[in-house]
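For reference, the structure is listed below as structure tokens.
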Amino acid sequence: MSNLATFDFSARAKNTQGITRRETPLHHVTHKNVDDAGVRFCEASFYAHLTLRGNPENADFVAGVEKVLGTALPLTPLTSRACERCHVFWIGPDEWLILAANLSPGEIETSLRAELTGHFSVVDVSGGQTLMTLSGRAVQQVLQKSCGYDIEAEFPVGKVITTHFAKATVVLHHQVEGSYFMVVRRSFADYVWRWLVDASDEYGLSVSE
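Written as structure tokens, this is what we have:
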């Protein structure tokens with residue numbers, strides 16, 4: 043297995059001119075505890091986001107990805123795989139989204155390029171989107187009234203869909219019972235947040251870091 047180095051995703055990083063601040067798309071959202079909140083929100087800061095494309099019928103490609111990531115590619119539509127290193131979501135017949143909390147996107151990309159041969163594509167999209175986590179006793183109701191997809195009947199644990207949250211396109215993953223990952227384009231992050239605040243008003247919303 044390739045040795046993927048860990049990366050310091052601290053909020054500040056030095057450059058030649060001093061200190062620069064790295065900010066997430068929702069850095070302005072403040073911590074808020076609400077007793078018995080029906081919906082709990084967290085922006086998962088500074089995850090590595092990469093899109094991978096390749097031929098799922100190519101055994102060498104599939105084996106090479108598994109060697110680097112430590113988990114097999116999900117080959118069945120709308121499914122996901124996960125390990126301690128990362129989450130991998132099926133996005134299309136030849137496309138996957140890789141999310142990793144404590145790995146540098148550059149290291150993942152370099153390791154994949156070193157291992158894979160033939161026709162494939164791997165792109166670091168970390169700066170263009172963000173990951174939100176949603177949970178709580180009323181999270182399903184909020185998703186149900188915000189998405190056109192039938193969250194209640196057609197969205198078991200482990201499933202991944204690309205759908206709309208209000209008018210924003212999102213990748214939604216049912217992580218565990220009552221908890222969801224939602225990947226949102228950076229330019230829509232504030233819009234989705236404001237919609238979520240309004241949609242959760244009747245249930246109570248708690249924000250954690």
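To convert, take the position in the sequence shown, counting from 1, and add 42; that gives the numbering used here.
A virtual CB, placed ideally from N, CA and C, is assigned to each residue, including glycine.
Query: Inter-residue spacing [alpha-carbon to alpha-carbon] between Ser153 and Val110; Result: 7 Å
Query: Meets three-Cβ-pair contact criterion under 8 Å: the segment 82 to 96 and the segment 158 to 169; Result: yes
Query: Where Phe230 falls: helix, strand or coil (DSSP); Result: helix
Query: Helix, strand or coil at Asp192 according to DSSP, with G and I counted as helix; Result: coil
Query: Inter-residue Cα distance where the pair is Ala231 and Leu238; Result: 10 Å
Query: Leu145 versus Trp235, Ala210, Leu117 and Gly112, residue with shortest Cα-Cα distance; Result: Gly112
Query: Nearest residue (CA-CA) to Ser177, options Phe162, Met224, Val212 and Pro135; Result: Met224
Query: Reduced DSSP secondary structure (H/G/I, E/B, other) of Asp136; Result: coil
Query: Counted within 10 angstroms of its Cβ, other Cβ atoms place Leu214 as buried (16 or more) or exposed; Result: buried
Query: His69 and Val249 closer than 8 Å at C-beta; Result: no
Query: Buried or exposed (CB count within 10 angstroms, at least 16 for buried), Cys128; Result: buried
Query: Alpha helix (DSSP H) runs contained entirely in the segment 64 to 132, provided each spans 4 or more residues; Result: 101 to 111
Query: Reduced DSSP secondary structure (H/G/I, E/B, other) of Ala143; Result: coil
Query: For Glu251, the nearest candidate out of Val104, Pro116 and Leu173 (CA to CA); Result: Leu173
Query: Endpoints, beta strand (DSSP E) assigned at Val249; Result: Leu247 to Ser250
Query: Whole runs of the alpha helix (DSSP H) within the segment 153 to 179, excluding any shorter than 4 residues; Result: none
Query: Separation of Ser122 from Thr252, as counted between CA atoms; Result: This structure cannot settle anything about residue 252, because the visible part of the chain is limited to 43 through 251.
Query: Where Val199 falls: helix, strand or coil (DSSP); Result: coil
Query: Coil, strand or helix - Ala208 by DSSP; Result: coil
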